[in-house]
Amino acid sequence: VQLQASGGGLVQPGGSLRLSCAVSVTIFSGDVMGWYRQAPGKQRELVVSIARGGSINYADSVKGRFTVSRDNAKNTVYLQMNSLKPEDTAVYYCNLRDPLSRSFWGQGTLVTVSS
Numbered sequence: 036v037q038l039q040a041s042g043g044g045l046v047q048p049g050g051s052l053r054l055s056c057a058v059s060v061t062i063f064s065g066d067v068m069g070w071y072r073q074a075p076g077k078q079r080e081l082v083v084s085i086a087r088g089g090s091i092n093y094a095d096s097v098k099g100r101f102t103v104s105r106d107n108a109k110n111t112v113y114l115q116m117n118s119l120k121p122e123d124t125a126v127y128y129c130n131l132r133d134p135l136s137r138s139f140w141g142q143g144t145l146v147t148v149s150s
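Set out below in structure tokens:
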């Protein structure tokens, strides 16, 4: 299983970006998809996850600003990020955890929010 994250870049505070995570295999309903981020000097943290039942869980810090979606036909998960803040600066990773609890990571895409 390979995950390819893309869409990062430099954006001004208040701006928007859309990240994409292309998965090399079919994403099944039994898979848990998630976006994580890791800022310099900090631990990796969960941004949002889509549970097996379809429920979505956002970190408090991004609620109301970030939206996750998926295109099953393209095996792709998206993260729309609006009203970006400097504290959103991090490397963003997508993750897939299958029903056997095997975890797969993408290579990460850098998001820099700065004026």
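Residue 36 is where the sequence shown starts when you use the numbering used here, and the numbers rise one by one after that. By construction, the Cβ of each residue, glycine as well, lies at the ideal position given by its N, Cα and C atoms. Keep in mind it's a predicted model, so treat the numbers as computed, not measured.
Beta-carbon gap between residue i and residue j smaller than 8 angstroms
i      : j      : result
Gln142 : Ala40  : yes
Val148 : Pro75  : no
Arg53  : Val126 : no
Arg105 : Met68  : yes
Ile151 : Asn92  : A question about residue 151 goes unanswered here, because the residues of the chain that appear run from 36 up to 150.
Asn117 : Ser59  : no
Leu135 : Val36  : no
Member of the options whose CA lies at the smallest distance from the CA of residue i
i      : options                        : result
Leu145 : Glu122, Gly89, Ala86 and Gly88 : Glu122
Val83  : Val112, Val103 and Gly89       : Val103
Ile151 : Ser150, Val36 and Asp133       : An answer regarding residue 151 cannot be provided, because it is not within the stretch 36 to 150 covered by the chain.
Gly95  : Tyr113, Lys77, Leu38 and Leu81 : It is worth fixing the name first, because residue 95 is Asp in this sequence and not Gly. Closest by alpha carbon: Leu81.
Asn107 : Leu119, Gly42 and Asp66        : Asp66
Val112 : Ala57, Gln78 and Gly42         : Ala57
Expected contact under 8 angstroms - CB spacing of residue i and residue j to nearest Å
i      : j     : result
Ser64  : Arg87 : 6 angstroms
Phe139 : Leu38 : 6 angstroms
Please give the ranges of any alpha helix (DSSP H) in the region 42 to 116, keeping only runs that are unbroken, at least 4 residues long and fully inside the region. You should have found no qualifying run.
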